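Okay, structure first, notes after.
Residue numbers (our numbering): 2 to 471.
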């Protein structure tokens with residue numbers, strides 16, 4: 002099939018490249034000339050494992066192209082994906098100006114052939130009908146009678162860092178539309194994925210059932226995306242609340258999470274306590290759902306609390322540093338990682354930002370090492386290796402649980418530090434291993450470990466002064 006993808010961020014670029022990989026002819030459109038030139042050279046503008054290789058192989062095969070010409074892309078595509086950003090406004094609602102611009106552009110360039118217009122962007126409830134209206138209005142301005150299109154909501158559930166894997170191995174595919182013709186075309190588009198012809202799981206494809214499909218109306222499909230992300234964010238905030246109680250009661254939240262995660266009604270995923278969630282999806286999607294509820298006269302108190310708990314959790318590291326080092330002014334703190342999660346270069350709404358701001362205000366100097374970040378617009382000294390990071394530090398803070406960090410020589414790092422303190426913001430390390438390496442280890446909701454001794458002393462609550470930082 003012929004496909005056009007408008008927007009080449011995480012969702013658009015991964016979607017376009019992977020659809021080419023399963024055999025479709027894809028043109029990706031972006032108005033950023035420099036970005037398009039980079040992609041035309043076979044380079045990915047984002048760090049995503051496996052993506053660049055797929056781009057290059059499909060460009061060589063002639064199935065994947067990049068252009069700034071919207072008209073060329075729309076003329077090519079039987080199916081046209083809208084995959085532009087919908088960032089959060091200060092009010093919490095989604096900024097849909099880019100979606101509107103694309104919808105009008107589609108309407109201005111539609112020809113007489115039937116096309117399926119797919120909302121891949123995360124858009125507020127009701128946007129499918131709104132996009133349809135934008136396209137019709139743009140067609141009307143041309144004074145042409147072109148009605149051969151339908152709108153489908155097809156939300157994405159990709160995880161940054163494993164987006165290629167998730168595309169080929171989805172938990173489900175959601176399609177929202179009132180058009181049987183459009184749904185049939187989308188089922189044809191996704192058939193190789195539904196039939197698991199491109200799965201990379203470690204067993205024969207014929208043993209796997211087809212990928213589940215949820216076929217529903219536009220509004221329900223849009224709500225599914227928001228509800229999924231809001232639930233996962235709430236689950237993380239829940240386990241962080243439990244971790245904070247464990248800190249005070251002397252329990253180990255990693256054992257608690259394992260114990261409750263084995264309950265099939267709960268499940269183990271997203272029960273890893275730490276410094277909270279961030280990135281480009283959870284923050285804006287939860288805020289957008291809260292705002293949508295308000296628009297319809299409902300106060301989403303649980304979701305508001307989810308956000309509040311997450312905001313507080315980011316500053317827990319400052320509290321733990323103060324507990325160990327006391328006054329932070331003049332101290333040097335090293336960040337292991339900066340991105341909001343591993344296997345991505347995404348710094349959007351990363352917990353490291355709030356923590357850095359708080360430590361700078363308290364007079365601490367901050368250094369950071371991240372495997373993929375080479376520059377950042379913040380008051381932090383970036384170093385190129387873990388040894389430089391540890392040199393002269395009063396504490397290391399594990400911010401991002403890069404797998405690479407498991408293999409560092411921590412005994413060597415401890416000897417380079419002024420004070421060998423490890424604050425594990427992701428409960429990533431084995432406490433006893435850290436103690437053996439010479440560290441005073443502090444986790445999230447876990448007993449402190451040092452020289453083989455475990456302490457269960459409770460920590461104080463986060464102060465109003467710290468909360469005021471954010």
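We put the beta carbon where it would ideally sit given N, CA and C, even for glycine. Because the structure is a prediction, the values reported are computed rather than measured.
Rounded to whole angstroms, what is the Cα-Cα separation between residue i and residue j?
i	j	result
residue 126	residue 152	14 Å
residue 123	residue 252	39 Å
residue 457	residue 52	Annotation note: pLDDT 44 at residue 457 (below 50); position unreliable, no value reported.
residue 307	residue 227	14 Å
residue 160	residue 102	26 Å
residue 15	residue 416	43 Å
residue 113	residue 38	31 Å
residue 352	residue 313	11 Å
residue 12	residue 104	17 Å
residue 476	residue 33	Residue 476 lies beyond the range of the chain shown here (2 to 471); nothing can be said about it.
residue 57	residue 43	5 Å
residue 451	residue 100	53 Å
residue 62	residue 54	12 Å
residue 322	residue 408	24 Å
residue 132	residue 98	11 Å
residue 279	residue 334	21 Å
residue 343	residue 213	28 Å
residue 196	residue 311	39 Å
residue 460	residue 36	Only weak support exists for where residue 460 lies, its pLDDT of 43 falling under 50; the value from the coordinates is given anyway. So the two alpha carbons sit approximately 48 Å from each other.
Considering only the alpha carbon of each residue, which of the options lies closest to residue i?
i	options	result
residue 235	288, 142, 143	288
residue 249	448, 32, 20, 144	448
residue 366	375, 344, 329	329
residue 360	319, 49, 278	319
residue 371	35, 383, 379	383
residue 222	138, 199, 157	157
residue 48	441, 348, 431	348
residue 210	172, 278, 176, 409	172
residue 386	378, 406, 432	406
residue 199	237, 59, 23, 342	23
residue 240	277, 264, 422, 444	277
residue 424	404, 6, 394	394
residue 5	68, 62, 61, 56	68
residue 238	334, 315, 450, 225	315
residue 117	174, 179, 166	179
residue 25	293, 66, 208	66
residue 182	273, 150, 445	150
residue 216	20, 194, 175, 81	175
Does residue i pass the burial test, meaning 16 or more other C-beta atoms within 10 Å, or should it be called exposed?
i	result
residue 189	exposed
residue 284	buried
residue 18	buried
residue 281	buried
residue 464	At residue 464, the pLDDT of 44 sits below 50, so the modelled position is not reliable and the matter cannot be decided from this model.
residue 255	buried
residue 336	buried
residue 355	buried
residue 91	exposed
residue 364	exposed
Quick check on residue i - is its C-beta less than 8 Å from some C-beta in chain D?
i	result
residue 278	Looking at the structure shown, chain D is missing, and only one protein chain is on hand.
Could you tell me whether the Cβ atoms of residue i and residue j are closer together than 8 Å?
i	j	result
residue 120	residue 154	yes
residue 402	residue 427	yes
residue 177	residue 136	no
residue 79	residue 2	yes
residue 162	residue 50	yes
residue 396	residue 431	no
residue 291	residue 93	yes
residue 83	residue 111	no
residue 7	residue 30	yes
residue 443	residue 325	yes
residue 286	residue 220	no
residue 268	residue 262	yes
Between residue i and the ligand COA, is the CB less than 7 Å from at least one heavy atom?
i	result
residue 226	No copy of the ligand COA appears in this structure; indeed no ligand is present at all.
Practice problem: Return the chain-ordered ranges of every alpha helix (DSSP H) run that is complete within the segment 249 to 317 and spans a minimum of 4 residues. | Solution: Here the runs fully enclosed are 254 to 262, 283 to 296, 302 to 315.
Exercise. Scan the segment 50 to 88 and note each continuous alpha helix (DSSP H) run of 4 residues or more that stays entirely inside, going in chain order.
Key: Fully enclosed alpha helix (DSSP H) runs of 4 or longer: 52 to 61, 71 to 77.
Quiz prompt | Runs of alpha helix (DSSP H) lying entirely within the segment 143 to 175, each at least 4 residues, in chain order | solution = Counting only unbroken stretches of 4 or more residues, the alpha helix (DSSP H) elements lying wholly within the segment 143 to 175 are 164 to 169, in sequence order.
Practice problem: With a floor of 4 residues, list each alpha helix (DSSP H) that falls wholly inside the segment 202 to 250, ordered by position along the chain. | Solution: Listed in chain order, the alpha helix (DSSP H) elements of length 4 or more contained wholly in the segment 202 to 250 are 219 to 250.
Practice problem: Quick one: which unbroken beta strand (DSSP E) runs of 3-plus residues sit fully inside the segment 370 to 404? Chain order, please. | Solution: For the beta strand (DSSP E) assignment, the uninterrupted runs of no fewer than 3 residues enclosed by the segment 370 to 404 are, from N- to C-terminal side, 396 to 399.
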